[in-house]
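S.K.: One structure, pasted below without further comment.
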Amino acid sequence: MSKLLRQLAIWVFPGVIIILPFVASAAGLVPCGGTPEGGSPEPPCDFDYLITLVNNIIMFLLYGVAVPLAALGFLWAGGSLIMSQNKASAWTEAKERFGNILLGFGIIAAAFILVKAFLLVFVVPKDGVVNFILGF
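Under this note's numbering, the first residue of the sequence shown carries the number 568, and numbering increases by one thereafter.
The following block contains the structure:
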């Protein structure tokens with residue numbers, strides 16, 4: 568079994584490393600200063616676009632990274648909670664994991680709210696405050 572896992576790791580890991588840059592989706596983060604494929608040049612970057620870039624990065628980190636990682640953490644903690652029903656120490660450890668994940672995500676959400684409030688001071692959103700805060 569370990570030989571199979573080793574062979575799988577030898578072939579899958581480099582394959583993922585080679586393919587990953589081709590499927591990266593960071594192109595939507597920078598809102599200015601480029602020429603899209605088959606399109607007209609975008610306007611040059613200024614301070615408003617810098618704030619928009621910061622907003623895009625924050626939205627990506629919150630919705631694209633933190634939420635999926637928190638979901639995986641809750642899945643892991645829940646699975647270990649189910650698997651360790653008869654072991655008191657493992658049960659306590661799984662419950663602590665739930666609390667730590669919730670605390671970490673709460674800190675991330677609080678930081679998100681603070682940074683969004685700071686950005687609202689400098690930017691008057693065209694789509695409305697609710698759309699700007701939630702990113703829709």
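For each residue, glycine too, the CB sits at the ideal point set by N, CA and C. All figures in this text were calculated on a predicted structure; none of them were measured in a lab.
(1) For Ala676, which residues of its own chain have a beta-carbon under 6 angstroms away from its beta-carbon, when the five flanking residues on both sides are left out?
(2) By the DSSP assignment, the alpha helix (DSSP H) with Lys574 in it spans what residues?
(3) Just to confirm the assignment, what range does the alpha helix (DSSP H) spanning Gly645 have?
(4) Would Ala684 be called buried (16 or more neighbouring beta carbons within 10 Å of its own) or exposed?
(5) Along the alpha helix (DSSP H) that carries Phe627, what are the first and last residues, could you check?
(6) From the DSSP output, in three-state form, read off Ala666 for me.
(7) Quick one: Cα of Ile680 to Cα of Leu629, how far?
M.R.: From the atom records:
(1) none
(2) Lys is not the amino acid found at residue 574; the sequence shown has Gln there. Where Gln574 is concerned, the enclosing alpha helix (DSSP H) stretches over Ser569 to Ile586.
(3) Val634 to Met650
(4) exposed
(5) Neither: Phe627 is in no alpha helix (DSSP H) and is coded neither H nor E.
(6) It is Gly, not Ala, that sits at residue 666 in the sequence shown. Helix at Gly666.
(7) 11 angstroms
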